[in-house]
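Using my numbering, the first residue of the sequence shown is number 224, and each one after it goes up by one.
Don't be surprised by glycine CBs; every beta carbon is placed ideally from N, CA and C.
Predicted model, so just to flag it, every value in this text is computed and none were measured.
Inspection log for the structure reproduced underneath, given as structure tokens.
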Amino acid sequence: MDFKATLNLPDPSSAIPMKADLAKREPDMQARWDEAGLYRSIIAARAEAGAPTFVLHDGPPYTNGPIHLGTAMNKILKDFVVKSRSLMGYRAPYVPGFDNHGLPIEQAVMRKYQEKKVVPTTVELRKACRQHAEHYIAVQSEQFRRLGVFGTWDKPYTSMGFKYEAEILRVFKRLVEGGYVYRGLRPVLWSPTSQTALADTEIVYKDHVSVSIYVRFPLVEDKGGLFEGLTNVSTVIWTTTPWTIPANLAVAFHPKLDYVVVRTGDEHLVMAEALYQHVMQKVGLDIDQVVKKIPGRDLEHVRFKHPVFERDSVGVLADYVTTEDGTGVVHTAPGHGRDDFMTGQRYGLPVLCPVDGRGVLTEEAGEFAGVHYKKCDTVVVERLRELGMLLLAQEYSHSYPHAERDDQPVIFRATEQWFIGIDHPFHLDPSKTLREKMLEEVDQVKWFPKSGYDRLRGMIAGRPDWCVSRQRPWGVGIPVFYGAESGEPVLDPVAIEAVAQLVEKEGSDAWYEREPSEFLPNGYKHPVTGETELRKEVDVFDVWFDSGCTALCVLPGQVEPEWKDDLPADVFLEGSDQHRGWFNVSLILCTATQGMAPYREVVTHGMVTDEHGIKQSKRLGNVIDPVQVCSTVGADVLRHWVASIDYQTDMPCTEALLKVVGDEYRAIRNYLRFLQMNLSDFTEADKVELQGIDAWIVGKTHQVAESVLAAYREYDFRQAMSEVHNFCVNNLSKFYLDAIKDTMYCDAKDSLSRRSAQTACHEVLSVLCRLISPVLCHTADEIYTLLDKPNKLPSVFHEVLVPQVPDGFDDIDQKVETLLAVRGEVFAAFDKWREDKDTKDSQDVSVVAVIEPSQHEQIATLGLDLPNLFKMAAVSLRPGPAGTEFSVSPFLKCSRSRLRREDVQMVDYQGEQVPLSARDRAVLGI
């Protein structure tokens, strides 16, 4: 006889569909969210409730193309933070930003002009760059929204916005007022390809093969008779940049190293004692005799002859000289290296830099003028060989700086640039330098992972002054004027503010379209020279200066009052490469102008790689397109991938991995769907006091919720979703849902036992729905829409979750864990027992299990229906030495519940004799 019609079977129509079909459903949900103004509705609700504020300040992605998996992952992580903090009851605004100026956009636009064989004016190029950036702001905004990321997408901040550009100038004004800004001739990283200065943040180090040379510098003038009686004396230097030999002005010795004079044939060579044997062997010369030892400090001011030109190279002392390689004597060209420059400054050496912006040697390089530096290596080597100054030339593989944007090698080149002095006295407390103040601020920040602290602290401790000027057209012009005759710069806060006011109205193009007199007050004169005729600076700000201003421009509400929040931001979250980038420059500008770090916490993530650990790139053809992932399997699957990885290291992403993640997503979806299907006939009015195991699962759910929220607070999204997944698998699927199936399907519809189970399922679903909402946002809202709830809010994202673990729950939980352990042991024993038995179904078996007395006592106090929990016909637990005994149950099997129970009897039902249990007879009215 078929009893199906008498059962309370789950109703699929009352739950989310089994087939997620996310690629189709998610855009519809997002359209509904947009139509309802969901994001601003959430922010307004939190503000109205007087919620505390938590601000994640967005680091702006560059607008030179569509999003890629790295930027998608970054935005998804940020959305996890924003949504999880909102779930905890915070007002968590998110203002997305976009970085717009800089070389890559300029190059992309110039390529289009070159294809048309058109040479644009500066203003034409800038307007085309602005249009290019505007296009990709729109493209990226739409793509980020498709990921389910909430924020003010209709009003993002952009570094090319007129008000933002004006605020950049005002930040510069405050730096001028603090005395941090200066113009100086000093070596900077220079890209001959792009013909502009670069910051350390724009550099990557790659393997490179250079020409290394060992060169004689003959003695010209002894000091104190160090080389008395010796003839044909030379010191030997080693360098990997032969093209800088024309710029040599000195040779550096370490003051605490010992040097030796080595006789070989008819000459004497001077080098470090620790290296001379290796060097002599390397260059193929015999060591006839070590004539004498000389302390390095005594070689100061000894004069040697330049190996090519008729000028001297002076002996200087420098602590950076090492014995790790070379000769212990360092070729010093003050115009081509930071250390060389600083040494040159100490000794009053000129800053000689005979290389132009294209990398071509100038007239100051004498016979090498007109040769590109890359070709100059060969020319210099041949000339040294002709002059008898070359000891050895060979290829040398080493790590060398390259421009990050174009992968081309860079050089150090001394040019006039604008700098921010890192060791300038901190204006609010001159007893310390800006660097020292920044290091104090770094100490106050919380770092995720903790290694970020050492990384940024080391970079701040060792970084040089910041070169903030660039020789490009697409950027914010540096608001400095020069005397037309004197060339003296005007660093005047009044003048800078005047420029800022016009830029705020017309944008930074005004700097290129208007005359100096149109910016400045009537009758303005050069503050120092009194000149009235002025010219404008042609350099623009480093784009890192643009992005370093974001916290100062956005959070105080200077650019847009709606965004106003207090400094510092609660958290910055970006890739680990931003220790040398955005974290670094933001710290400089905020500390110099506000006396504080711009962030309380810093979270970093790794880079996205392929299965071989290689960074994904279009050039290598190993990319996963996040837009394509959304259009095939859905954003929630991609979001689940982000939550399933250890994002603080480099992260592989492949099609195969996304399939695994998709399977995990579907498992979680089905657990929640099963809960929802069993609530089709349940409303809030049907709630009852929880019974037995139902009370435990609700307490367990809230206990898990505490752990998940704790993980969210620590930005450990992997742990958060692992807690959810483990709970669904181990506590729900393998135990609770299995244990209540009979109650749900076979008990009377309105019975206390069934309503208790439904009350529990409703609460579990309600909590889980909220717990997953930061990660699986579309799925959570899909469930929430169908959830019967009093005073239901507009969306799951309006909800706040405050876990409420019952008093004394830990004791109950421990007892249930004991029960589960015993249950697991019984199941394992049953699997062995049935291997050679005809009876395979546990429901046909009775068990007597002898367990530890302490276990027996704990389980007995729970008062639970053990046959239901163990899925067996009868269960008897006894204290004593451990053991289990199984037997085939003599009980009849109930035709309705399909369970063997002691109270099953044959009864007449609709003219047929059928076995039914007492419970089932009562439900059927027999």
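Does DSSP put residue i in a helix, in a strand, or in coil?
i	result
residue 1062	coil
residue 423	helix
residue 311	coil
residue 795	strand
residue 685	helix
residue 938	coil
residue 617	strand
residue 672	coil
residue 1001	helix
residue 874	strand
residue 1012	coil
residue 290	coil
residue 321	strand
residue 1019	helix
residue 253	helix
residue 467	helix
residue 285	strand
In terms of alpha-carbon separation, which member of the options lies closest to residue i?
i	options	result
residue 809	799, 800, 822	822
residue 228	1127, 1124, 1120	1120
residue 488	482, 1096, 510	510
residue 1070	1095, 1077, 1084	1095
residue 463	442, 1092, 601, 312	601
residue 922	332, 900, 959, 907	959
residue 431	597, 848, 1093	597
residue 281	777, 781, 457	777
residue 452	491, 478, 271, 458	491
residue 999	370, 270, 224	370
residue 541	532, 565, 607	565
residue 1076	1103, 481, 1093, 274	1103
residue 1011	942, 904, 1046, 953	904
residue 508	609, 468, 614	614
residue 404	657, 1068, 834, 882	657
residue 699	498, 333, 311, 768	768
residue 857	889, 873, 835	889
residue 460	441, 961, 864	441
residue 976	881, 1087, 1062, 893	1087
Do residue i and residue j have their CB atoms nearer than 8 Å?
i	j	result
residue 319	residue 376	yes
residue 625	residue 429	yes
residue 716	residue 399	yes
residue 578	residue 476	no
residue 516	residue 544	no
residue 576	residue 642	no
residue 925	residue 825	no
residue 929	residue 389	no
residue 420	residue 640	yes
residue 1001	residue 408	no
residue 1003	residue 940	no
residue 1016	residue 895	no
residue 714	residue 742	no
residue 360	residue 345	no
residue 671	residue 660	no
residue 513	residue 485	yes
residue 321	residue 289	no
residue 603	residue 535	no
residue 471	residue 555	yes
Whole-angstrom Cβ separation of residue i and residue j, contact assumed at under 8 Å?
i	j	result
residue 696	residue 393	In fact, because the Cβ distance is near 22 Å, the residues do not count as touching under 8 Å.
residue 426	residue 605	Contact doesn't hold; Cβ gap of about 31 Å is too wide.
residue 635	residue 413	7 Å
residue 1156	residue 226	The shown model of the chain, from 224 to 1149, leaves out residue 1156, and the question about it has no answer.
So does residue i have its beta carbon nearer than 7 Å to some heavy atom of the ligand SAH?
i	result
residue 607	Judged by which ligands are present, the structure shown has none, so any question about the ligand SAH falls away.
Alpha helix (DSSP H) runs wholly inside the region 338-367, at least 4 long, in chain order: none
Report the start-end ranges of each alpha helix (DSSP H) in the region 1039-1118 that is 4 residues or longer and not cut off at the edges. 1076-1083, 1089-1093
Ordered list of beta strand (DSSP E) runs contained in the region 744-817, each at least 3 residues: 757-759, 792-798
Write down every uninterrupted run of the beta strand (DSSP E) in the region 603-654 whose length is 3 residues or greater and which is fully enclosed by it, in chain order. 613-626, 634-643
At 4 residues or longer, what runs of the alpha helix (DSSP H) sit wholly inside the region 512-579? 561-569
Which parts of the region 885-956 are runs of the alpha helix (DSSP H), unbroken and 4 residues or longer, counting only runs that do not cross its ends? Every unbroken stretch of the alpha helix (DSSP H) spanning 4 or more residues and falling wholly within the region 885-956 is given here in chain order: 915-936, 940-949.
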